[in-house]
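Enquirer: Quick one: the structure is below, and I'll ask about it shortly.
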Amino acid sequence: MDFLSALVNGISMGAIYGLIALGLTLIFGIMKIINFAHGALLMLSMMIAYWIWKFSGINPYILILIVSPLMFGFGYLSERFFIKPVLDRQKDVREPIAVLLLTAALAMVFENLALMIFGADYVMAKTTVTDATIVLGGVTLSAARFYALILALVISSAFFLFLQYTELGRKLRACGQDRNTALLMGINVPQTYAIAFGIGTALLAVAAIVLLPFYYVHPTVGNVFMTKAFIVVVLGGLGSVPGALLGGIIIGLIESIGAQYMTATLTTAIVYLVFLLVLFIKPSGLFGSKFEW
Amino acid sequence: MDVVQKKKIGLTVVILAIALIVPLFVTKPYYLHVITMCLLWAFLASSWNIFCGFAGQLSLGHGIFTAIGAYVTVILFNEFGISPWIGMFAGGAAAVILSTIIGYPTFKLRGAYYALATVAIVSGAVVLLENTMSIGPLHVGGAEGLIVKLMGNAPAHFQFMSKVPYYYIALTMVVIIVVFSFWLKNSRLGFYLSALKEDEDAAAALGINVRNAKLTAAAYSAFFTAIGGVFYAMLIRYLEPLAICGPLMSNEMVFLAVVGGSGTVLGPVIGGISLHAVSEIIQFYFSDLAQGFHLFVYGLIVVFVIMFKPLGIIEVVQKYYNRFLGTSDQKEDESSGRHSSGS
C-alpha cells in the first residue's frame with residue numbers, strides 16, 4: 278500500500294471512528310455522561326443487523342432504515358429504565374460518576390447477553406460489496422470503505438444541520454448548555470435526555486451497518502471501537518460534532534500512515550500517547566469550549 | 011455502652027474464628043481456591059477503595075498496578091532468584107513510583123476526564139506488555155505470558171503445594187487492609203480525602219494541599235494493589251497481560267467496591283467476597299446453560315445495586331449490625347469499621 282492509498286484508507290476508517298464518536302459526543306454534550314456502554318451498543322447493532330441480513334438477505338445499507346429506529350427505541354428505553362433513575366438522584370452532582378459506572382455495568386450485561394444469544398463466533402456479512410473495489414483517481418479503495426466514508430460524511434453533516442436548525446436540535450442543545458434553565462424555558466428535559474440517548478444509539482446503528490460488510494462481528498468487537506471513540510471525542514472536544522468527525526479522521530490517519538513506517542503496536546501506543554497529551558495540555562480538545570471540563 | 015462494646019468484640023472474635031477454621035471444613039482444593047479468590051478480590055477492591063473510594067476518584071485503570079507488582083516480582087524471581095517475599099516490596103515500590111508519575115499530570119483532571127485518562131493509560135499498558143518479549147536480557151513474555159518458575163513446595167519462595175497456606179495469606183492480607191483502611195479513614199489524611207471528595211475547590215480553599223493528599227493516598231492504594239497482583243501471580247503461577255492488566259481486572263475492582271459500598275471501610279470487603287462468590291457459584295452451576303450467563307447476572311447485580319442501593323450492600327449490613335448491637339438505626343457512626351475483618 279502506497280502513501281496515497283494509506284491516506285484514503287485512513288480517512289475512510291477515520292470517518293467511521295468519527296461516526297461512532299458522534300453518538301458518544303452527543304450523549305456527553307447533552308447529558309454530561311460518558312457512555313461506557315457505547316461499544317456494547319455498537320456490537321448489539323452489528324449483531325442485530327447481521328442476523329436480519331442473514332435471514333432476510335436485504336442489502337445491509339437498506340437495513341439502516343430498520344436497525345436505526347430499532348436502536349433508537351432500545352437507547353430510549355435504556356435511558357428511561359436504567360439511567361434516568363440514577364441521574365435524577367445525582368441531579369446536583371457536577372460529574373455523575375455513578376451513571377458512568379452504571380453504563381460500564383450495562384456494557385457487561387449487553388456483551389454477555391449477545392454472547393448468550395449469538396455465541397462467540399466471528400461473523401461477517403459477506404455481500405457483493407465486500408470484495409468489490411473502486412478506483413478513485415488512481416487509488417484503489419475497497420467499495421465497502423468508500424460507501425462507509427460517504428455515509429459517514431452525509432450522516433454527520435445531516436446531524437450537524439439537525440442540531441443547528443431544527444426545533445428538537447435547539448432543545449437538545451439547550452439542555453446541554455444548562456438543564457435547569459432549559460427546564461425553566463418549558464423544555465421537557467427528561468424526555469429530551471431520553472431522545473438524546475436514543476439518537477446517539479441510532480447513530481451507532483449507522484456506524485454498525487457501514488462496518489458490517491468488511492468487519493468481523495463478535496461480542497467484544499465494541500471494545501476496540503469504544504476506546505478509539507473515547508480518544509476521538511476527547512481529541513475533538515467532548516460535546517463537539519465537527520470535532521468528533523475531525524478527531525476521527527486524525528486518528529484514522531495516524532493509524533494508517535503510521536502503519537506504513539512502524540509496527541501496529543507502536544502506532545497504537547502513539548494513538549494513546551496523543552490522547553494523553555491532548556488530555557494534559559488541552560483537555561477541552563480541538564473544538565470543545567474551555568469551560569466545559 | 012459496655013454491652014455494645016462487648017458485642018462488638020464478640021462479633022469480631024466469632025467472625026475471625028470462623029475464618030480461621032474454614033480450611034478444616036473446606037477440604038476440596040477447588041472450593042478453597044474459590045474462597046481464596048474471594049478474599050483476594052476483597053483485598054483488591056479495598057486497595058482500590060483506599061484512594062478512589064475515600065477520595066471519590068474513579069480510576070478504571072488500577073490493573074496497571076496489579077500488573078507492575080506482579081511483573082516486577084516474577085521477573086526478579088525468575089531471573090535473579092529473589093524470593094517473592096522480598097520481591098513483592100520491590101513490586102510495591104515500583105507501583106508507588108508509577109502512581110506518582112501518573113498522578114502528577116492526571117490529578118488535575120476531574121471526574122469523567124480522569125476516568126478516561128486511566129482507561130487510556132491501562133489500555134496502552136496492555137498493548138505494551140503484549141508486545142514486549144524481553145527488556146534487555148529480562149524475559150517478559152509478551153502476549154504469550156510469563157510462567158512463574160516452579161519450585162515445588164517452597165514456602166521461602168511463596169510456593170505451596172497445598173491451597174491452605176494461600177488461604178491464610180489472603181486472610182491476613184484482608185485483615186491488614188481493613189485495619190489500614192480504618193486507620194487511614196480516621197487519620198488527618200482520611201479527613202482531607204473526604205473533604206476533597208465533597209468539593210475539591212472548597213477543600214483547597216480550606217488550605218488542604220489537594221494534590222499531595224491525592225498523591226499520598228494513590229501511593230498507598232497502588233502499593234496494596236501491587237501486593238494483590240503479586241499474590242495473584244503466585245497463586246495462578248502464570249501472568250498474562252490481558253488477565254492481570256486488562257479491563258476485566260481494572261473494572262472488577264471497581265464493581266466489587268461499589269457494590270459493597272465505596273468509601274466505607276468494610277464495604278469493599280463485603281462486596282468483594284459476596285459478589286465474587288455469587289459469580290463463582292453461578293458459573294459453577296449454570297455454565298452449561300449458556301456462555302456468558304454468569305457475567306450477565308453479575309452485570310445485572312451491579313446495575314441494580316447502583317440503581318436501588320447507591321450506598322452499596324453495606325447499607326443493609328449496617329442496618330442489621332445496628333439492630334444486633336441494639337443501637338438505633340439512625341445512629342450512623344463509623345462502628346462498622348470498629349470491628350475488624352470479615353469473612
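In order, the protein sequences belong to chains A and B.
Here our numbering is used: position 252 in the first sequence is 529, and no number is missing along the way.
Here our numbering is used: position 69 in the second sequence is 79, and no number is missing along the way.
For each residue, glycine too, the CB sits at the ideal point set by N, CA and C.
(1) Going by CA-CA distance only, name the one from A:I427, A:A314, A:K309 that's closest to A:D365.
(2) Under 6 Å Cβ to Cβ from B:F53, same chain only, skipping five residues before and after it: list those, please.
(3) Express the C-alpha separation of A:A425 and A:I297 in angstroms, rounding to a whole number.
(4) What are the residues that DSSP puts in a beta bridge with B:N144?
(5) Look at B:M98 and B:L245 and say whether their C-beta atoms are less than 9 Å apart.
(6) Would you kindly report the start and end of the unbroken alpha helix (DSSP H) that includes A:L418?
(7) Quick one: does B:E250 have its CB under 9 Å from some CB of chain A?
(8) Which residue's Cα is closest to the Cα of A:P496: A:L319, A:V285, A:L418?
(9) Can you find the residues in the same chain that come closer than 7 Å, C-beta to C-beta, to A:V511, ignoring five residues on each side of it along the sequence?
(10) Count the C-beta pairs between the region 454-465 of chain A and the region 511-527 of chain A that are closer than 8 Å, then say yes if the count reaches three, no if not.
(11) Could you tell me which whole beta strand (DSSP E) segments of length 3 or greater appear in the region 207-234 of chain B?
(12) Grouping DSSP H, G and I as helix and E and B as strand, with all else coil, what is B:L249?
(13) What residue range is occupied by the uninterrupted alpha helix (DSSP H) comprising A:I329?
(14) Under the rule that 16 or more other beta-carbon atoms within 10 Å means buried, what is A:A504, buried or exposed?
(15) Give the straight-line distance between the Cα atoms of A:H315 and B:K18, rounded to the nearest whole angstrom.
(16) Interface residues of chain A around B:L119 at Cβ under 9 Å?
(17) Under the DSSP definition of a beta bridge, which residues are partnered with A:L413?
(18) Against A:T443, what residues of chain B qualify as contacts under a CB-to-CB distance less than 7 Å, listed in chain order?
(19) Give me the subset of the region 121-136 of chain B whose CB atoms are less than 8 Å from a CB atom of chain A, sorted by chain position.
(20) Which same chain residues, not among the five before or five after A:V498, have their C-beta less than 7 Å away from its C-beta?
(21) Note down, in chain order, every chain A residue with its Cβ under 7 Å from the Cβ of B:I316.
(22) Can you tell me whether B:F318 is buried or exposed, with buried defined as 16 or more other CB within 10 angstroms of its CB?
(23) For B:F303, count neighbouring Cβ atoms within 10 angstroms of its own Cβ and tell me buried if that reaches 16, exposed if not.
(24) Name the DSSP bridge partner or partners of B:L156?
(25) For the alpha helix (DSSP H) containing A:R450, list its first residue and its last residue.
(26) What three-state label does DSSP hand A:K559 in the structure shown?
(27) For A:Y549 versus B:G134, is the C-beta distance shorter than 9 Å?
(28) Distance, Cα to Cα, A:G477 vs A:I341?
Expert: Taking the definition as stated:
(1) Against the first sequence, residue 365 of chain A aligns to sequence position 88. The shortest Cα separation from A:D365 among A:I427, A:A314, A:K309 belongs to A:K309.
(2) Here residue 53 of chain B refers to the residue found at position 43 when the second sequence is read from its first residue. These residues qualify, in order along the chain: M183, V184, I187, G238.
(3) Taking the first sequence and counting its residues from 1, one reaches residue 297 of chain A at position 20. Taking the first sequence and counting its residues from 1, one reaches residue 425 of chain A at position 148. Taking the CA atoms as reference points, A:I297 sits about 12 Å from A:A425.
(4) Along the second sequence, one-based indexing puts residue 144 of chain B at 134. Correcting the residue identity first, residue 144 of chain B is Ser in this sequence and not Asn. Paired residues: B:H149.
(5) Stepping through the second sequence from its first residue, residue 98 of chain B is reached at position 88. Stepping through the second sequence from its first residue, residue 245 of chain B is reached at position 235. The answer is no: Cβ separation not under 9 Å.
(6) For the purposes of this step, residue 418 of chain A is taken as the residue at position 141 of the first sequence. Not the alpha helix (DSSP H): A:L418 falls in the beta strand (DSSP E), residues 416-419.
(7) Numbered from 1 along the second sequence, position 240 holds the residue referred to as residue 250 of chain B. Not an interface residue.
(8) Locating residue 496 of chain A in the first sequence gives position 219, counting from the first residue. The option with the nearest alpha carbon to A:P496 is A:L319.
(9) The sequence position of residue 511 of chain A within the first sequence is 234, counting from 1. F552, V555, L556, G562.
(10) Look at the beta carbons and you see the region 454-465 of chain A not touching the region 511-527 of chain A: under three pairs across the two are nearer than 8 Å.
(11) Here no run is fully enclosed.
(12) For the purposes of this step, residue 249 of chain B is taken as residue 239 along the second sequence, with counting starting at 1. If DSSP states are grouped into helix, strand and coil, B:L249 belongs with the strands.
(13) Residue mapping note: residue 329 of chain A aligns to position 52 of the first sequence, counting from 1. Unbroken alpha helix (DSSP H) run through A:I329: 315-333.
(14) In the first sequence, residue 504 of chain A corresponds to position 227, counting from 1. According to the sequence as given, residue 504 of chain A is Thr; it is not Ala. By the neighbour-count rule (16 or more Cβ atoms within 10 Å), A:T504 is buried.
(15) Locating residue 315 of chain A in the first sequence gives position 38, where the first residue counts as 1. Locating residue 18 of chain B in the second sequence gives position 8, where the first residue counts as 1. The straight-line gap from Cα to Cα measures roughly 46 Å.
(16) Counting from 1 along the second sequence, the entry for residue 119 of chain B is found at position 109. Under the 9 Å cutoff, chain A gives L556, F557, P560, W570.
(17) Here residue 413 of chain A refers to the residue found at position 136 of the first sequence. Beta bridge pairing from DSSP links A:L413 with A:V416.
(18) Position 166 of the first sequence, counted from the start, is the residue given in the question as residue 443 of chain A. Correct list: empty, because the minimum Cβ distance to chain B is about 28 Å.
(19) G121, A122, Y123, A125, L126, A127, V129, A130, I131, S133, G134
(20) On the first sequence, residue 498 of chain A is found 221 positions in, with the first residue counted as 1. So the list reads M320, M323, once near-sequence residues are dropped.
(21) Within the second sequence, the letter at position 306 stands for residue 316 of chain B. Residues of chain A passing the Cβ test: V363, A375, L378, L379, A382.
(22) For the purposes of this step, residue 318 of chain B is identified with residue 308 of the second sequence, where counting begins at 1. With fewer than 16 Cβ atoms within 10 Å of its Cβ, B:F318 is classed as exposed.
(23) Position 293 of the second sequence, counted from the start, is the residue given in the question as residue 303 of chain B. Per the 10 Å Cβ criterion, buried.
(24) For the purposes of this step, residue 156 of chain B is taken as residue 146 along the second sequence, with counting starting at 1. According to DSSP, B:L156 bridges with B:L249.
(25) Against the first sequence, residue 450 of chain A aligns to sequence position 173. 444-454 is the extent of the alpha helix (DSSP H) around A:R450.
(26) On the first sequence, position 282 is the one that residue 559 of chain A refers to. Of the three classes helix, strand and coil, the one that applies to A:K559 here is coil, per DSSP.
(27) Locating residue 549 of chain A in the first sequence gives position 272, counting from the first residue. Locating residue 134 of chain B in the second sequence gives position 124, counting from the first residue. At a Cβ-Cβ threshold of 9 Å, A:Y549 and B:G134 count as neighbours.
(28) Counted from its first residue, the first sequence places residue 477 of chain A at position 200. Counted from its first residue, the first sequence places residue 341 of chain A at position 64. When rounded, the distance between both Cα atoms is 14 Å.
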